Amino acid sequence: DVKVTQSSRYLVKRTGEKVFLECVQDMDHENMFWYRQDPGLGLRLIYFSYDVKMKEKGDIPEGYSVSREKKERFSLILESASTNQTSMYLCASSYRGGSPLHFGNGTRLTVT
Amino acid sequence: AQSVTQPDIHITVSEGASLELRCNYSYGATPYLFWYVQSPGQGLQLLLKYFSGDTLVQGIKGFEAEFKRSQSSFNLRKPSVHWSDAAEYFCAVDGGGADGLTFGKGTHLIIQP
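From first to last, the protein sequence lines stand for chains S and D. For the first sequence, this note's numbering assigns the number 1 to the initial residue and increments by one for each residue that follows. For the second sequence, this note's numbering assigns the number 113 to the initial residue and increments by one for each residue that follows.
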């Protein structure tokens with residue numbers, strides 16, 4: 001079974017802090033994704049990566065950046081956290097385009 | 113651009129009754145289609161997927177879905193629900209590129225005893 005591990009289940013940060021959300025997958029998948037989930041809005045794609053050091057903007061990249069230095073690890077960075085970034089963040093990976101996504105359990109981030 | 117509509121935000125079903133969750137998609141060609149389930153505080157788990165071939169697909173936990181090209185639909189069904197089926201259900205479409213899935217906004221399923 002594919003395992004996608006997000007380093008934190010819950011995080012509380014202050015406005016203006018730099019925040020790192022870490023995600024690791026163990027199945028040598030090419031593609032990795034960061035989604036944000038908010039009530040009534042479903043899942044929205046923030047960034048994705050189809051190879052090491054490659055990254056592409058999703059639908060809502062503003063205020064976020066990502067890093068993929070190794071194939072198994074995909075980090076989401078909030079350069080200066082704001083209260084409107086309080087949300088559930090979900091990491092996912094897939095073997096290739098068209099393959100199912102495998103999700104981590106999510107990180108619930110609260111910015112105060 | 114592809115899109116997914118789940119018309120029902122909430123659905124309440126009695127335990128043991130049948131279930132149908134609706135999903136309509138917009139995409140220029142035949143897409144890859146998925147249903148996921150999310151229990152409270154958890155990530156998303158794949159229920160089933162449609163790539164090609166037989167339009168009725170079977171998934172885990174007794175769920176099935178039918179792809180209807182003429183209606184651009186991919187509705188999820190279960191003949192008899194259990195209390196443990198209470199969760200959020202997401203339909204998703206993938207055009208086959210590297211940019212992942214486009215999700216619907218989800219349907220919250222409530223099971224009445």
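Built from N, CA and C at the ideal position, the CB exists for glycine as well. Remember, predicted model here, so these are calculated numbers, not experimental data.
Element boundaries [beta strand (DSSP E), containing serine 87 (chain S)]: Its beta strand (DSSP E) spans residues 87 to 94.
Could you tell me the alpha carbon to alpha carbon distance between serine 80 (chain S) and isoleucine 60 (chain S), rounded to whole angstroms? 16 Å
Report yes if the CB atom of glycine 174 (chain D) is closer than 8 Å to the CB atom of lysine 190 (chain D), and no otherwise. yes
Which one of S:Asp1, S:Arg14, S:Gly63 and S:Ile77 has the shortest CA to CA distance from glutamine 157 (chain D)? S:Asp1
Quick one: grab the DSSP three-state call for serine 105 (chain D). There is simply no residue 105 (chain D) to check, as chain D begins at 113 and stops at 225 in what is shown.
Please state whether the Cβ-Cβ distance between aspartate 120 (chain D) and threonine 214 (chain D) is less than 8 Å. no
When D:Tyr137, D:Phe202, D:Trp147 and D:Gly128 are compared against glycine 171 (chain D), the one with the closest alpha-carbon: D:Trp147
Candidates S:Thr86, S:Met88 and S:Phe74: closest to aspartate 51 (chain S) by CA position: Cα-wise, what sits closest to aspartate 51 (chain S) is S:Phe74.
Whether isoleucine 223 (chain D) touches valine 193 (chain D) by CB criterion (8 Å): yes
Let me see if you follow: with CB-CB separation under 8 Å, is serine 94 (chain S) close to chain D or not? yes
Simplified DSSP state of asparagine 158 (chain S), which is helix, strand or coil: This structure cannot speak to residue 158 (chain S), because chain S is shown only from 1 to 112.
Those residues which DSSP pairs with isoleucine 123 (chain D) across a bridge: D:Leu221
Does DSSP put isoleucine 77 (chain S) in a helix, a strand or coil? strand
Please list the residues of the stretch 130 to 153 of chain D that have a C-beta atom closer than 7 Å to any C-beta atom in chain S, keeping them in chain order. Tyr144 and Phe146
Pull up the CB-CB distance for leucine 45 (chain S) and glycine 63 (chain S), whole angstroms please, since I reckon it's below 8 Å. Contact annotation, leucine 45 (chain S) with glycine 63 (chain S): C-beta distance approximately 14 Å; criterion of less than 8 Å not satisfied.
Applying the criterion that 16 or more other CB atoms from any shown protein chain within 10 Å of the CB defines a buried residue, is methionine 32 (chain S) buried or exposed? buried
Taking the straight line between their C-alpha atoms, what separation do you get for glutamate 69 (chain S) and lysine 53 (chain S)? 6 Å
Quick check on the DSSP output: the beta strand (DSSP E) that includes cysteine 23 (chain S) runs from which residue to which? 23 to 25
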